[in-house]
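Everything on this sheet refers to the single structure shown next.
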Amino acid sequence: MKITKILVLISILLMGCSDYKKKESDLDNINDTPEVLNESKSEVSFLRSKRYDKNILEELYGEALGKNEKLDKLNELIEEITSDSLYDKTSAYLKYTNINNRYWNTAKSYANKLNDSIKRIEVLAIIDKLETSYTKRIANHETKMDSIADLKRNLSDQLILMKLFVTEPMIYNYQSNELPDIEELKSIIKDYEKAIENSKEYTKIRK
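16 is the number of the first residue of the sequence shown in our numbering; add one for each residue after it.
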């Protein structure tokens, strides 16, 4: 089954990503700061930059797709599976069940309008028997639809996990490469402490 194969491929990919520190990654320049986060110091502060309104995880994942052909193809296949094609492939059956359900509901409504209570009970029993027979007829289809729903949820979870595992080493590289020099912070603290100390001469309460 196509979806099952995708889940297997994703599992294999996740196993590799979880051990990225020990194994060589498929991504180029695996120790480099991600390009989407590699801004020059002369650029506007991130606090005022519109680009930081974007989804940083999706930006990192998009960069990973551009550097890893295998990952990119897998992502395209997942998008294809989860696109409107799923609705197209199930629309005929959904239409079929919708029409039948409308019929049974309308038939019961008509039967309940019978003034003769005995006939009403008899007819409703017949309708229930026919509906039960119909339900058995579509049992296999319903099982498949339930499986599709479960697989859809599973694949959605796998895609989220894949994005997390793929982007985690990228943000790790950023954390490792771009940590600012702590001496700058120490310098600020010294400036504040010096200014506070010097100001005390002018803030003494005169007795």
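Don't be surprised by glycine CBs; every beta carbon is placed ideally from N, CA and C. The model shown is predicted, which means the values in this text are computed figures rather than measured ones.
When DSSP labels each residue in this structure, what does residue i get in the three-state scheme?
| i | result |
| --- | --- |
| Leu194 | coil |
| Arg221 | coil |
| Pro184 | helix |
| Lys69 | coil |
| Asp47 | coil |
| Asn213 | helix |
| Asn53 | coil |
| Val59 | Because the pLDDT of Val59 is 39, which lies under 50, any placement of that residue in the model is unreliable, and the question is left without a value. |
| Ser202 | helix |
When the distance is taken between beta carbons, is residue j closer than 8 Å to residue i?
| i | j | result |
| --- | --- | --- |
| Val51 | Glu78 | yes |
| Leu170 | Thr97 | yes |
| Tyr76 | Thr182 | yes |
| Asp47 | Asn188 | yes |
| Leu72 | Leu80 | no |
| Leu179 | Ile93 | no |
| Ser119 | Glu157 | Note on residue identity: the sequence assigns Trp, not Ser, to residue 119. Contact flag unset, no. |
| Ile153 | Thr112 | yes |
Complete runs of the beta strand (DSSP E) confined to the region 83-161 [at least 3 residues]: none
Validate contact between the region 119-126 and the region 134-146 using beta carbons, cut 8 Å, 3 pairs: yes
Cβ pair count under 8 Å reaching 3, the region 161-181 against the region 89-105: yes
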